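A.B. asks:
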Amino acid sequence: MLSKAIAVVTFIFVAPFTLISAEFKSPEGDVILTINYDGATGTETIELDLAGIEDLGLTTIETSTIWTEGVQSFVGIELATLTRALGIASGTIRAVALNDYAVEIPVSDAVTGGPILAVMRNAAPMSVRDKGPVWVIYPYDASSDYRTEVIYSRSIWQLTKLDFQE
Amino acid sequence: MTPEPSRVEATLSRMVNSKTGLIGLAILAGLTLFSITVLSINVARDIGQLDSARSDNIQWTLTQAEVEFLELERAAMLARQSDAPDLTGLRREFDIFYSRINTLTQSSIYSNLREDETFGQSLLALRTFLNETTPEIDGTDADLLTALPQLLDRTQKTGPSARRLSNSALSYFANQADIRRATLLATLRNLAATMGILTFALIGLLLLLNSANRRNRLNMIAAQNSQSRTETIINTSLDAVIVTDLTGKVLDYNNAAELIFGHTRETALGKELGELIIPEKYRAAHAAGMERMRASGDRNVVGRGRVQLEGLRANGDVFPVELALQAAKTADGEVFVAFLRDISAKIAADKELIQARDSALESEQAKNSFLATMSHEIRTPLNGLLGSLALLRDTALNTKQSTHVANMEKSGRLLMNHISDVLDITTYDAGKLEPHLGPVNLSKLLKDIVSSQSGAAMAHHTTLEWGWKGNPVDWIETDKRKIQHILVNLIGNAIKFTHAGRIVLETELRADAPGKMTAYLRVSDTGCGIRPDMIEKIFDDFVTGDASYNRNTGGTGLGLGIVKRFVDSLGGTVTVDSTVGAGTVFEVSIPTRRVANPATPHAEEGSPNAMASLDILLVEDNEINQFVAKEMLLKAGHQVATAANGKLGVDQAHAHPFDLIFMDISMPVMDGREATRAIRAGAGASKTTPIVALTANVLPQEHEAFLADGMNDLITKPLDADTLSQITRKWVLEMSPPPSHRTPSLLSEEHFTEMREMIGPAQHAALFDRVSGEISDFLATHGNPTQNTLPNIIEPTHKIVGSTSAIGATDVSDLLRSIERAAKMGDFHTASQNIDNIQRVWDKTHAEFVVRSAGSL
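Quick mapping for you: the protein sequence lines, in order, are chains A and B. The C-terminal residue of the first sequence carries number 166 in the UniProt record's numbering, and the numbering is unbroken. The C-terminal residue of the second sequence carries number 857 in the UniProt record's numbering, and the numbering is unbroken.
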């Protein structure tokens, strides 16, 4: 049900945009996130530092999580913003963590008001010890649909790489 | 016709019966449903816990803690052994482990787990390790390199804690999972049980509803059957059945109604009853009646049984109907059910029956009146004939003439008997034959009958005898004339059928109870007998034996019919026993009783000739009868004056004081009854003279009517010398003999002597004094009567006559008797005149007593 709705929303909003990967800002500091996707010339890679991520536009999610105590304020870019920027509307994303933990997130999860790639928690950048520097956060409090084991497993922290797949 | 009761209503009413059961089941089902809901929520929760949960991949995370610790240990070992140690990798592994332990320390998922002792201690050990190690990791590369050996050593020492953490968590979660599974299982079990109960409840409900449904269906079928039966009954009813509502609108109309009233059902339904079947002249009354019923609820004719009314047919005929009206309450309101029966045929039959009865009664009356008239009309000339013959017989006749006269008389008497028979039958059949009971000397009666019949018997060379069986009894109470008639008929019959034989009349009296007796009169003959097939019919009218005898015997055939009727009227029975060729026995048994010999001193006294000559008035219009009767009376030594009708009779009675008046009843100008009333009402010389009716009509109620008119007695024509002399003697003796006709006697000589010897002179004198006192008292009280007080003196007079008779005061007694008689007749003049004489006659009597008393001394 949800996935169907998300698919519809995605189609409506994504279709008119045709952004180019070159628009991503080239990294100047430490690369904290590497993105691989199928471009016009085969697999293309985008490397982003914190500024590159922030440059895509930040969103805040206020929510509690099962791993923390109390309501946290997470700031990051929406996954939907990223998929729109890449012009990708389908397939899955293979997300890989620092400790080589990997999960698959369907592109259909990337909706406005959906998951974000959080880079700050409670107005501070997140260290590795604090599950940083990038943590996939869903708005758990917003909907029970986001309080499932599957969503929890997709909430990968210490994220380093996103591989877009068909 | 009655609307089928709504099915819903029926169902509801049925439900009421099993209400309790249904409510119980419904409550059970409700409770069960509630339980199921609660349990389902539990199951959903439990499954939710199993399914999503806020768990993340707990086991994985926990084992990952150990894995990441091992990674850290390996990185520390590699850095220790390497010449160019990868400090960045070490730091990264530390951070990852640090992050993991942070999660385990902070995350709510592990809050329960953290309570576990082993886990808690292991976590604490790991946190201590982190705290000790963090400064070294966060320090410079040089410091880190320096601290590397201690770090490795510390790491290796902490290894078991990481291992314990992982293991304890695993066993904890395994337990948790077990508990959750058990809870879920229990919940599921409860759910299953509850659902089982619900299922049973639902099945029960289903069965109950099914049974209720079946019952309803049966009831419905029964109701339909009942309705169709009712319809069949109504439609096959011979009575018209019409159902209307309160306004008189026809709701139902059966087959018989179609036939009787001629309207078809289709035209009748919905019409107003009044316009349909009620004749125009009654419609207003009908409408008023309906209005009254609607307004006041007055059900005037409802349930009142059958009422006779008139109905109107479709063709305009008005005919009589019988109506029974009933009211009934239905679901659509009150209705009236009218049952109507066409009774025109019955009415016509009734009318015919009444006509038939009327004409039968008319003809019966005509017959009776014809017979009575005939008997009168025949008797009157016959009476004249016989009277003339009697007179002729007393003249000088030669032998041949005497024989002729005798034969004529015999035939005349026979004819008279036949007429009497017919009249007797008529009288009996009219219910007017009542017994006139009185003292009868049976022996004398039988003797007389036998002697009167022996002549006829001798003519048949038959002997006729009579006798008593058992002790002779002379005086009994019965109806003399009827007994006589019965015996004469039976003996006459026996004589007719017996030739050269013997006839015996035997009498017997048997006591049944004290004061009650039965008289048996048997007439046996040695005649030809009666054939068995005739025996049953012989008491029927006009039965005259068989033809061969008929020729020899003759007769009206009424003789035995009269016997039967007379015996019946006396409350007795008559039986017959006969053997053909040997003879016949008739036995009459009549209830009676013994009576004393009535004192009839005068009856035995001498012959009519011995009587004083009387002054008699004979009022009779028929010349022959007048002549005959006058001759008879003259022959008896009386003076006779005659009058040809009532008017002339009244005139003569007024002018002359007669001793006795004979009065014919039916006469021209003025009849006997009116004449009698005139004589009694007037103030003529013969006002108190006894009047005797002469009549051919002998019906008892007429007898009473004559007496009411003022007549004293009645004799039936034809007159004969004996009857005349008897009646004459009776009434002359009843009357106070006029003083001129007899020797005055103040005091009976015989009585005086006898009395004096019995009681002595002193008592005798005292007795006279007492009577003297009574007379004084009587005169003091009743000495001056008026016309109105006259009836009051009757009883005292009678009483005082007793006293004066006892002392033998003949003249005073006679005087008092005449006063009593005059008082009874309302003759004020005679009564007061005689009362005035009492004192004078008594004084003379008393003087005579004194003289005689002196003489006898």
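Ideal Cβ placement from N, Cα and C applies to all residues, glycine included. Quick caveat: nothing in here was measured; it's all calculated off a predicted structure.
#1: Report yes or no: is there a C-beta of chain B within less than 8 Å of the C-beta of residue 174 of chain A?
#2: Would you give the residue range spanned by the beta strand (DSSP E) that residue 167 of chain A belongs to?
#3: What residues in the segment 119 to 133 of chain A have a beta carbon less than 8 Å from any beta carbon of chain B?
#4: Please list, in chain order, the residues of the segment 97 to 110 of chain B that have any C-beta partner in chain A closer than 8 Å.
#5: Where does the unbroken beta strand (DSSP E) through residue 898 of chain B begin, and where does it stop?
#6: Pick out whichever of A/Lys161, A/Leu159, A/Ile151 and A/Glu166 has its Cα sitting closest to the Cα of threonine 65 of chain A.
#7: Run through DSSP, which three-state label would methionine 667 of chain B get?
#8: By the three-class DSSP mapping on this structure, what secondary structure does alanine 324 of chain B have?
#9: Evaluate contact between the segment 82 to 95 of chain B and the segment 175 to 182 of chain B, counting only Cβ atoms and requiring at least three cross-stretch pairs below 8 Å.
#10: Would methionine 758 of chain B be called buried (16 or more neighbouring beta carbons within 10 Å of its own) or exposed?
#11: Keeping to the same chain, check which residues put their C-beta closer than 8 Å to that of valine 488 of chain B; ignore five residues upstream and five downstream.
#12: Look at the alpha carbon of threonine 148 of chain A and the alpha carbon of alanine 95 of chain A, and state the distance between them as a whole number of angstroms.
#13: Use the C-beta contact count for valine 650 of chain B: other C-beta atoms within 10 angstroms, 16 or more gives buried, fewer gives exposed.
#14: Could you spell out where the alpha helix (DSSP H) holding phenylalanine 566 of chain B opens and where it closes?
#15: In chain A, what lies closer than 9 Å to glutamate 68 of chain B by C-beta?
#16: Does proline 115 of chain A come out as helix, strand or coil in the three-state DSSP assignment?
#17: Spell out whether any CB of chain E is found under 8 Å from the CB atom of glutamine 158 of chain A.
#18: Run the CB neighbour count on phenylalanine 78 of chain A, radius 10 Å, all protein chains shown included, and call it buried at 16 or more, exposed below.
#19: Under the three-state reduction of DSSP, which class applies to alanine 142 of chain A: helix, strand or coil?
#20: With a 10 Å radius around its C-beta and 16 neighbouring C-beta atoms as the bar for buried, classify arginine 45 of chain B as buried or exposed.
#21: May I ask which residues mark the beginning and end of the beta strand (DSSP E) holding glycine 455 of chain B?
#22: Here's the rule: buried if 16 or more other CB atoms are within 10 angstroms of the residue's CB, otherwise exposed. What is isoleucine 101 of chain B?
#23: Taking only beta-carbon atoms, is methionine 77 of chain B less than 8 Å away from chain A?
#24: Would you check if the distance between the CB atom of threonine 63 of chain A and the CB atom of aspartate 141 of chain A is smaller than 8 Å?
#25: Decide if methionine 458 of chain B is buried, meaning its Cβ has at least 16 other Cβ atoms within 10 Å, or exposed.
#26: Cutting at 8 Å between CB atoms, please list the residues of its own chain near leucine 392 of chain B, excluding the five before and the five after it.
#27: DSSP has lysine 249 of chain B in a bridge; who is on the other side?
#28: Output yes or no for whether 8 Å exceeds the beta carbon distance between leucine 87 of chain B and leucine 144 of chain B.
#29: From leucine 767 of chain B to histidine 751 of chain B, what distance separates their C-alpha atoms?
#30: Is it buried or exposed, tryptophan 731 of chain B, if we count other Cβ atoms within 10 angstroms and call 16 or more buried?
#31: Do leucine 62 of chain B and serine 166 of chain B have their CB atoms nearer than 8 Å?
#32: Could you check what DSSP says for proline 106 of chain A in three-state terms: helix, strand or coil?
#33: Going along chain B, which residues have a C-beta under 9 Å from glutamate 69 of chain A?
#34: Put proline 160 of chain B into one of helix, strand or coil per three-state DSSP.
#35: When you compare each of B/Asn213, B/Phe119 and B/Ala142 to serine 171 of chain B by their alpha carbons, which one comes out closest?
#36: Among residues of its own chain, excluding the 5 on either side of histidine 846 of chain B, which ones have a beta-carbon nearer than 8 Å to its beta-carbon?
C.D. replies: The short version:
#1: Coverage of chain A is limited to positions 1 through 166, which leaves residue 174 of chain A absent and any answer about it impossible.
#2: Residue 167 of chain A is absent from the model: chain A starts at 1 and stops at 166.
#3: Ser127, Val128, Arg129, Asp130 and Lys131
#4: Tyr98, Ser99, Asn102, Thr103, Gln106, Ser107, Ser108 and Ile109
#5: Since the first residue of chain B shown is 1 and the last is 857, residue 898 of chain B is not available in this structure.
#6: Counted from its first residue, the first sequence places residue 65 of chain A at position 65. The residue with the shortest Cα to Cα distance from threonine 65 of chain A is A/Ile151.
#7: What you label residue 667 of chain B is simply residue 667 of the second sequence in a count that begins at 1. Three-state result, methionine 667 of chain B: coil.
#8: As a working note, residue 324 of chain B is residue 324 in the second sequence. Alanine 324 of chain B falls in the strand class under three-state DSSP.
#9: no
#10: For the purposes of this step, residue 758 of chain B is taken as residue 758 along the second sequence, with counting starting at 1. Burial call: exposed.
#11: Counting from one through the second sequence, the residue named residue 488 of chain B turns up at place 488. So the list reads Ile449, Ser452 and Gln453, once near-sequence residues are dropped.
#12: Position 148 of the first sequence holds residue 148 of chain A. Position 95 of the first sequence holds residue 95 of chain A. Using only the alpha carbons, I get a separation of about 18 Å.
#13: Taking the first residue of the second sequence as 1, we reach residue 650 of chain B at position 650. With 16 or more Cβ atoms within 10 Å of its Cβ, valine 650 of chain B is classed as buried.
#14: In the second sequence, counting from the first residue as 1, residue 566 of chain B sits at position 566. 559 to 569 is the extent of the alpha helix (DSSP H) around phenylalanine 566 of chain B.
#15: The residue given as residue 68 of chain B occupies position 68 in the second sequence. Correct list: Asn99.
#16: Walking along the first sequence from the start, residue 115 of chain A turns up at place 115. The answer is coil: DSSP assigns proline 115 of chain A none of H, G, I, E or B.
#17: The structure shown contains no chain E; its protein chains are A and B.
#18: Within the first sequence, the letter at position 78 stands for residue 78 of chain A. Inspection of the sequence shows that residue 78 of chain A is occupied by glutamate rather than by phenylalanine. Result: buried.
#19: As a first step, residue 142 of chain A is located in the first sequence; it is residue number 142 there, counting from the start. Reduced to three states, the DSSP call for alanine 142 of chain A is helix.
#20: The residue given as residue 45 of chain B occupies position 45 in the second sequence. So arginine 45 of chain B ends up on the exposed side.
#21: Looking up residue 455 of chain B in the second sequence gives position 455. Where glycine 455 of chain B is concerned, there is no enclosing beta strand (DSSP E), although the alpha helix (DSSP H) it sits in stretches over 442 to 459.
#22: Within the second sequence, the letter at position 101 stands for residue 101 of chain B. The residue in question, isoleucine 101 of chain B, is buried, as its Cβ has 16 or more Cβ neighbours within 10 Å.
#23: Mapped onto the second sequence, residue 77 of chain B falls at position 77. So, not an interface residue.
#24: Position 63 of the first sequence, counting from 1, holds the residue named residue 63 of chain A. Position 141 of the first sequence, counting from 1, holds the residue named residue 141 of chain A. Result yes, Cβ atoms of threonine 63 of chain A and aspartate 141 of chain A sit closer than 8 Å.
#25: As a position in the second sequence, residue 458 of chain B is number 458, starting the count at 1. Under this definition methionine 458 of chain B is an exposed residue.
#26: The residue given as residue 392 of chain B occupies position 392 in the second sequence. The answer, listed in chain order, is Val405.
#27: On the second sequence, position 249 is the one that residue 249 of chain B refers to. BP columns for lysine 249 of chain B point to B/Glu272.
#28: For the purposes of this step, residue 87 of chain B is taken as the residue at position 87 of the second sequence. For the purposes of this step, residue 144 of chain B is taken as the residue at position 144 of the second sequence. Cβ atoms of leucine 87 of chain B and leucine 144 of chain B: closer than 8 Å.
#29: Along the second sequence, one-based indexing puts residue 767 of chain B at 767. Along the second sequence, one-based indexing puts residue 751 of chain B at 751. Roughly 13 Å between the two C-alpha positions.
#30: Counting from 1 along the second sequence, the entry for residue 731 of chain B is found at position 731. Per the 10 Å Cβ criterion, buried.
#31: For this step, residue 62 of chain B is matched to residue 62 along the second sequence. For this step, residue 166 of chain B is matched to residue 166 along the second sequence. A contact, by the Cβ cut-off of 8 Å.
#32: For the purposes of this step, residue 106 of chain A is taken as the residue at position 106 of the first sequence. Correct three-state label for proline 106 of chain A: strand.
#33: The residue you call residue 69 of chain A lines up with position 69 of the first sequence. By Cβ distance, chain B contributes Gln106, Ser107 and Ser108.
#34: Position 160 of the second sequence, counted from the start, is the residue given in the question as residue 160 of chain B. In this structure, proline 160 of chain B counts as helix in the three-state DSSP scheme.
#35: Walking along the second sequence from the start, residue 171 of chain B turns up at place 171. Of the listed residues, the one whose Cα sits closest to serine 171 of chain B is B/Phe119.
#36: Within the second sequence, numbered from 1, the residue matching residue 846 of chain B stands at position 846. Contacts found: Phe768 and Ser772.
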